[in-house]
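The next block holds one structure in the form of structure tokens; read it before the comments.
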Amino acid sequence: MHSSAARLPPHPEDEAREALARGDHRAALTILMQAYGRDLHRHCYQVLRDRDVADDVHQTVFVQAYRDLPGFAGRSSLRTWLYSIARHRCLDAVKIGARWRRRFVRSEPLPDAADEGPRADDALAESGQVSALVAALGALPVEIRIAVLLRYREGMTFEEIGAVCGELAATVQARVARALPRLRVALGGGER
Amino acid sequence: MNDAGLERALDDLPDGGGPREGWQDCVLARIEVPPARPRPRWPLVAAGSGLVAAAAAVVLFVALRTGERPAPPADNRVRLEQLMRDIDETIVEAERLRLLRAATAAEKAQAQAELDRARAKRDEMGRRLETLKARKRKRAKEHEAKVVAKCEPNDPLCAIE
Chain A
20 MHSSAARLPP
30 HPEDEAREAL
40 ARGDHRAALT
50 ILMQAYGRDL
60 HRHCYQVLRD
70 RDVADDVHQT
80 VFVQAYRDLP
90 GFAGRSSLRT
100 WLYSIARHRC
110 LDAVKIGARW
120 RRRFVRSEPL
130 PDAADEGPRA
140 DDALAESGQV
150 SALVAALGAL
160 PVEIRIAVLL
170 RYREGMTFEE
180 IGAVCGELAA
190 TVQARVARAL
200 PRLRVALGGG
210 ER
Chain B
3 MNDAGLERAL
13 DDLPDGGGPR
23 EGWQDCVLAR
33 IEVPPARPRP
43 RWPLVAAGSG
53 LVAAAAAVVL
63 FVALRTGERP
73 APPADNRVRL
83 EQLMRDIDET
93 IVEAERLRLL
103 RAATAAEKAQ
113 AQAELDRARA
123 KRDEMGRRLE
133 TLKARKRKRA
143 KEHEAKVVAK
153 CEPNDPLCAI
163 E
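Residue numbers (the working numbering), protein chains in the order written: chain A, 20 to 211; chain B, 3 to 163.
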């Protein structure tokens with residue numbers, strides 16, 4: 020008589036750690052890309068709000084993860100570790116973008132410049148409340164934006180967010196709590 | 003608006019369409035390329051190599067220089083006094099020849115006076131020279147008494163008298 024309970028598929032964390040333990044870093048990377056690639060891309064896009072930059076940062080995260088895998092100490096989950104790398108690369112991209120805009124962005128557009136309005140799919144997605152929310156998120160300081168997105172889009176606990184950001188969980192929680200009223204106002208809900 | 007409403011709104015945020023097709027292959031291709039080595043900072047490299055070259059030159063100079071050391075001031079003084087005494091001796095000789103060539107009594111008297119002055123000066127210089135030599139000998143003896151040179155018996159560089 021055999022058990023009829025379905026075997027649960029192995030958790031990607033366990034699979035990746037096993038690959039690491041036997042020294043197969045390439046296999047570990049592949050597992051991580053398959054397990055977390057899409058979520059990480061979404062996170063990078065929502066932080067950076069630019070698809071092309073998000074694509075580049077997203078790939079760089081995994082390239083760096085591959086190079087740093089030998090030094091992974093296992094003090095956090097691989098998922099948290101990946102998001103920590105993503106946070107650093109997003110912050111770098113934001114700094115570089117700000118520097119570039121200070122130097123090169125003109126006050127008036129060039130005569131032959133392509134229409135730089137929102138793309139059709141973006142315009143559709145960013146309608147109404149969503150558009151207001153996107154704008155409100157964009158107005159937040161990037162560190163707070165990251166914390167809010169990790170909490171409400173990636174479903175992380177404050178302890179996990181603290182590990183990603185290198186802060187105490189209580190600090191992160193306070194930071195998110197201060198941001199929520201501003202987002203509610205943007206949605207027209209007023210302060211609670 | 004409560005937190006649940008905010009959460010629902012955040013769930014509706016656009017996700018950017020997801021990563022582009024083939025992104026994993028791009029990552030795998032990038033990891034095959036070794037990371038770029040940091041460019042050397044040329045000013046620091048130049049300064050560092052200059053320092054190394056200077057240090058090597060100093061070491062070579064110290065290692066290759068001969069055993070001759072500049073003479074201490076006392077030796078130079080003695081040499082100088084000896085030289086001046088030699089000059090005085092030459093002057094005395096010249097005055098003697100002048101006296102021999104003197105034709106008249108006046109010339110002879112003058113030449114004799116000059117010869118006497120030259121001899122006196124030569125003798126004075128000789129006494130000073132002897133005093134200097136005596137002081138040098140005395141200092142050398144005092145120095146030998148203070149410094150005990152330790153020599154290994156088989157050390158070829160140690161002058162054993």
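C-beta atoms are modelled at their ideal positions from N, C-alpha and C, and glycine is treated no differently. Just so you know, these numbers come straight off a predicted model, no measurement behind them.
Query                                                                                                                                             : Result
Cα separation between A:Ala132 and A:Ala73?                                                                                                       : For A:Ala132, the predicted structure reports a pLDDT of 42, less than 50, and the residue's modelled location is therefore unreliable. The matter cannot be settled from this model.
If we cut at 9 Å on Cβ distances, does A:Met52 have a partner in chain D?                                                                         : Absent here is chain D; the protein component of the structure consists of chains A and B.
Would you say B:Glu9 faces chain A, with C-beta separation under 9 Å as the test?                                                                 : yes
Against chain B, with Cβ distances strictly below 9 Å, would A:Phe91 count as a contact?                                                          : no
Report the rounded CA-to-CA distance for A:Leu51 versus A:Pro31, giving the unit in angstroms.                                                    : 7 Å
If you follow the alpha helix (DSSP H) that A:Thr176 is in, where does it begin and where does it stop?                                           : A:Thr176 -> no alpha helix (DSSP H), and no H or E assigned at all.
In angstroms with no decimal places, state the Cα-to-Cα distance between B:Gln26 and B:Gly52.                                                     : 48 Å
So A:Ser96 is in the alpha helix (DSSP H); what residue range does that whole segment cover?                                                      : Taken as a continuous stretch (DSSP letters only), A:Ser96 belongs to no alpha helix (DSSP H), as it is neither H nor E.
Return helix, strand or coil for A:Phe91, following the three-state DSSP convention.                                                              : coil
Can you tell me the Cα-Cα spacing of A:Val153 and A:Arg108, whole angstroms?                                                                      : 21 Å
For the segment 83-93 of chain B against the segment 126-143 of chain B, are there 3 or more C-beta pairs whose distance is under 8 Å?            : yes
Using a Cβ-Cβ cut-off of less than 8 Å, list which residues of the segment 14-47 of chain B approach chain A; keep chain order.                   : Asp14, Leu15, Pro16, Asp17, Gly18, Gly19, Gly20, Pro21, Arg22, Trp25, Gln26, Cys28, Val29, Leu30, Arg32, Ile33 and Pro37
I want to verify the contact list: residues of chain B whose CB lies under 9 Å from the CB of A:Leu199, in sequence order.                        : Asp5 and Leu8
Since A:Arg172 meets chain B, which of its residues come closer than 8 Å, beta carbon to beta carbon?                                             : Leu12, Asp13 and Leu15
So, do the segment 154-164 of chain A and the segment 187-204 of chain A have three or more beta carbon pairs nearer to each other than 8 Å?      : yes
Sort A:Gly157, A:Tyr85 and A:Arg57 by Cα distance to A:Leu202 and report the nearest one.                                                         : A:Gly157
Using only CA atoms, which one of A:Asp111, A:Gly42 and A:His60 lies nearest to A:Leu101?                                                         : A:His60
Can you tell me whether A:His62 is buried or exposed? The criterion is at least 16 other CB atoms within 10 Å of its CB, across all chains shown. : buried
Anything in chain B within Cβ reach of A:Gly56, meaning under 8 Å, just list it in chain order.                                                   : Pro21, Trp25 and Gln26
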